[in-house]
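In order, the protein sequence lines correspond to chains G and S. Numbers 1 to 325, taken from full-length UniProt numbering, label the letters of the first sequence in order. Numbers 1 to 325, taken from full-length UniProt numbering, label the letters of the second sequence in order. Beta carbons: idealized from backbone N, C-alpha and C, even for Gly. On a predicted model such as this, the values are computed, not experimentally measured, just so you know.
2 protein chains.
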Amino acid sequence: MRTIFESMEHAAAIGIGGHVRPDGDCVGSCLALCYYLKKKYPNKKVDVYLEYVQDEFLFLPNSSLVKQTIDGSEKPVYDLFFALDSGDLDRLGFSEPLFHNAGRTVNIDHHITNQGFADINFIKPEASSTCEVLMDLLERDLLDTDLATCLYLGMIHDTGVFKHSNTTRHTMELAAVLISYDVPFSKIIDETFYQKTYLQNQILGRCLLESFMVLEGKCVVSYVKKETMDFYGAGSKDLDGVVDQLRVTKGVEVAILIHETGPLVHKVSMRSNHDVDVSAVAKQYGGGGHVKAAGCTVYGTIYDVINNITVHIEEQLKKLDTLRS
Amino acid sequence: MRTIFESMEHAAAIGIGGHVRPDGDCVGSCLALCYYLKKKYPNKKVDVYLEYVQDEFLFLPNSSLVKQTIDGSEKPVYDLFFALDSGDLDRLGFSEPLFHNAGRTVNIDHHITNQGFADINFIKPEASSTCEVLMDLLERDLLDTDLATCLYLGMIHDTGVFKHSNTTRHTMELAAVLISYDVPFSKIIDETFYQKTYLQNQILGRCLLESFMVLEGKCVVSYVKKETMDFYGAGSKDLDGVVDQLRVTKGVEVAILIHETGPLVHKVSMRSNHDVDVSAVAKQYGGGGHVKAAGCTVYGTIYDVINNITVHIEEQLKKLDTLRS
C-alpha cells in the first residue's frame, strides 16, 4: 500500500467506486477511504461514486457528497481510481467507465472470486470485509472518530455484528482499536443494523403469525401475499430480516419465506442453520445462493410452492440423516 | 489473584456460587472458573451452585454437574468459596450459607454497587461482565475451547453481543483471544441469544401486529392480554425481547409493552432509545429500573394504563425538548 500512497502524492484527482446496490461494507469502505484521503491530502479532489446511500448511512462523513450519476456529458478522468468491495468490474455499475478512463487503478476487496482486475490489487479473501482489508492498509495515526466510524460500520454489516463465520481474531482486534476512538457503536448497531420502520415490524408480525412448522419441526415456513404487501405499501426490501427471524426458531434446520410477487409467481427465500444445502434446492428452480442462504422464483399456487419446496428440503434432510448415521 | 491461586493450592474442596435467576454471565463465569480449577487441580473437589441452568446453556462443560440444592442435612464446608457476579451476599440465594461456612471467601464481580463482602475481592466496575474480570485473573496458558466458550458466552450476554455501552476496547480484545480458540461463536450467538421457540415467535408476531404509535411517532405501545398468553400456554419469560424489538422502531424514543397479568393488573415494560428516563416513569407506579430500561405494575383497564403511562412519557419528552432548545 505504501507504493499506492506514494504514487498518490502525484495524483491530483482521485475517484472511488463501490458496487451496485451498495451495502454497509461498500458504503463504509468508500467513505472511509474518501475521508482518509481528504484528511491526508487536503488539496486533492476526491470523489465517491455509489448508486445510492441508504438513509441510515447518511450520518457518515461526506455521505452527502456521494455522486449517484456522472456529471456532464464528458466523463471525468481521474489520475487514480479505486474499486472497492467489487468482486469484478461489472459490479461497479455506472462508475465502470471512470475506472477504464483512469490513469491508474486500484482494487481493494475481500471476495474470493476477485481476479485482480486493476493495476494494483489488494484482495484478502480471509478478511471479514473490505473495511478490514482497508484498515490494514491505512496509516493508523490518521484514525479518528469519523474514520473509525466508517470502518466499524462496514465490519459489523459484513459480519452480522461479529456473528458470521468470517469474523476472526484479527477482525475483533481491529474493531477493538476502532471503538477506542469513541465510535458511537451502540447507536450504529441499533440504527443501521436492527432498526425497522413501523411498517416493517407490522409485516414481520404478519409473517411470524402466518408461520407454521413442517417436517417434524425441522422446517418453518411463512408466506406473505401480494395483497398484504400492497395494503402496507411495502416492497421486497421491507421483508429484509424476516426469514432470519424465522431461522432462529428453536429446533429448526431450514426457514422458508414465500413472497407472492404476482399471479402464481412466488419469490422463495431460504436459510439453513446447519448442514442443509438450500442452494441445491434453489438451483432446481433456476435460483442460486450459498449453502446457508439461497433464493429462487417458483411458479404455481402457494400450495404448490410449499409442497414442492418442502419435498426438496425433506430430501436434503434425509441425505444428511444418512450421512450422519 | 496469584495469592488466591497460591492459597488455593491448600484448599481441598472449593465451592462456587452464582446469583439467583442466573443469566449468561453468571452461568458462564461459574462454569469457566469450575472448568479452570478442575483443569489446574484435577484432584480437588470443585462444586458449582446455581438455582438452575437454562436449556440453552446445557452445552457448556460441567453444566450437568451444577448443584441446584444443597445435598444432605449437613451443609458442606468448603475450604474456599467463590461468589461470582453477585452484587451483594443476598444475591447468592440458597448458596449463601455455604459462603458463610467456608474457610476463605472470594468475590469476583463487575457490579459497581458491590461493597466487597468477601475475604478477597476482585471488583472491576469498568468490566463488561464477570467473565471479563475472571479472564484477566486466569492463567492464559490454560485457555482451551471449552474454557473460552464459557467466558465468551458470559461476555456476549452482558454486552448484548458487543452492543451495550459497557463494551470496551479491552472487552473486544479479550473476545478476540477467545474466538481464536475455536469457540463456535456463530452457533452460540444464535442459539443462546437470538433463538426463540415457535411459540415465542408467535407471541412476538401478535405484539408487533397489536402495536401502535403515539406521541407523534416518538412512542410505540403494544399490549398482550392474559387470555392470549393463556391460549399459547405462555409465561412472562416468553415476552423476553419483545419490547426490544419494538424499541428499534425507526423514529421511536420510547417503547412500551403492556402485559395483562390479572383482572385490571398490568405489567409495564419500558425501553428508552436516547435520553428519556423511563425509570422516572416507573417509579411513579412503585416500579424501578434504569434510565433506558424500567418496569412497573399498573392497575386499571388497558385504556387507563395506556393513557396514564403515555402522559408521563409525554412529560418526559417535553422536559427534554425544553432542555434541548
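With respect to the C-alpha of S:Lys38, the residue from S:Leu60, S:Phe57, S:Val221 and S:Ile14 having the closest C-alpha is S:Ile14.
Judged by DSSP secondary structure, S:His290 falls outside any alpha helix (DSSP H); it is assigned neither H nor E. Any Cβ of chain S closer than 8 Å to the Cβ of G:Phe59 would place that residue at the interface, and such an atom is absent. Counting along the chain, G:Ile188 sits inside the alpha helix (DSSP H) bounded by residues Phe185 to Ile188. Neighbours of S:Tyr198 across chain G, judged by C-beta separation under 9 Å: Ser211, Phe212, Met213, Gly217, Val220, Thr249, Lys250, Gly251 and Val252. Against S:Phe81, chain G offers no close residue; the least beta-carbon distance is about 34 Å (beta-carbon pairs closer than 9 Å).
Within chain G, the residues placing a beta-carbon under 7 Å from that of S:Tyr194 are Val248, ordered along the chain. Just measuring C-alpha positions, the residue of S:Gly241, S:Thr297 and S:Val243 sitting nearest S:Leu264 is S:Thr297. The C-beta distance from G:Val254 to G:Lys283 rounds to 15 Å, too long to meet the 8 Å contact threshold. Pairing S:Val281 with S:Leu65, the inter-Cα distance amounts to about 43 Å. Taking S:Val276 as reference, the option from S:Asn114, S:Gly205, S:Ala294 and S:Thr228 with the minimal CA-CA separation is S:Ala294. Residues of chain G with a Cβ closer than 7 Å to the Cβ of S:Ala175 are, in chain order, Met172. Collapsing the DSSP output to three states places S:Val20 in coil. Residue pairing from DSSP places S:His266 in a beta bridge opposite S:Glu260 and S:Val298. Close to S:Arg206, with beta-carbon spacing below 9 Å, are these residues of chain G in chain order: Gly205, Leu208 and Leu209. The segment 257 to 274 of chain S and the segment 199 to 215 of chain G do not touch, with fewer than three beta-carbon pairs separated by less than 8 Å. A distance below 8 Å between beta-carbons, with the five flanking residues on each side excluded, links G:Glu96 to the following residues of its chain, in chain order: Gly17, Leu89 and Asp90. Secondary structure at S:Ala102: coil, using DSSP grouped into helix, strand and coil. Interface criterion met: the Cβ of G:Ser165 is under 8 Å from a Cβ in chain S. When DSSP states are grouped into helix, strand and coil, G:Phe82 belongs to the strand group. From the listed residues S:His274, S:Cys150 and S:Thr159, the smallest Cα separation to S:Glu126 is found for S:Thr159. When DSSP states are grouped into helix, strand and coil, S:Asp182 belongs to the coil group. The beta carbon of S:Ser272 sits no closer than 8 Å to any beta carbon of chain G.
Counted as a single uninterrupted DSSP element, the stretch harbouring G:Asp71 is not any beta strand (DSSP E), since DSSP gives it neither H nor E.
Annotated three-state conformation of G:Asn166 is coil, per DSSP.
Residue burial is scored here from C-beta neighbours: G:Gln68 has fewer than 16 other C-beta atoms within 10 angstroms and is therefore classed as exposed. Under the three-state reduction of DSSP output, G:Phe212 falls in the strand class. S:Gly233 is bridged by DSSP to nothing; it lacks a bridge partner. Assigned with DSSP and collapsed to three states, G:Lys124 falls in coil, not helix or strand. With respect to G:Ala83, G:Ala32 sits apart: the two C-beta atoms are not nearer than 8 Å.
Burial state of G:Phe231 is exposed, judged by a 10 Å Cβ sphere holding fewer than 16 other Cβ atoms. Closest in C-alpha terms to G:Lys163, from the list S:Pro184, S:Gly154 and S:Thr322, comes S:Pro184.
Counting of Cβ neighbours within 10 angstroms places G:Thr149 among the buried residues, the total reaching 16 or more.
A Cβ of chain S is located within less than 8 Å of the beta carbon of G:Phe162. Here S:Asn101 really is in contact with S:Val77; their C-beta atoms are around 5 Å apart, less than 8 Å.
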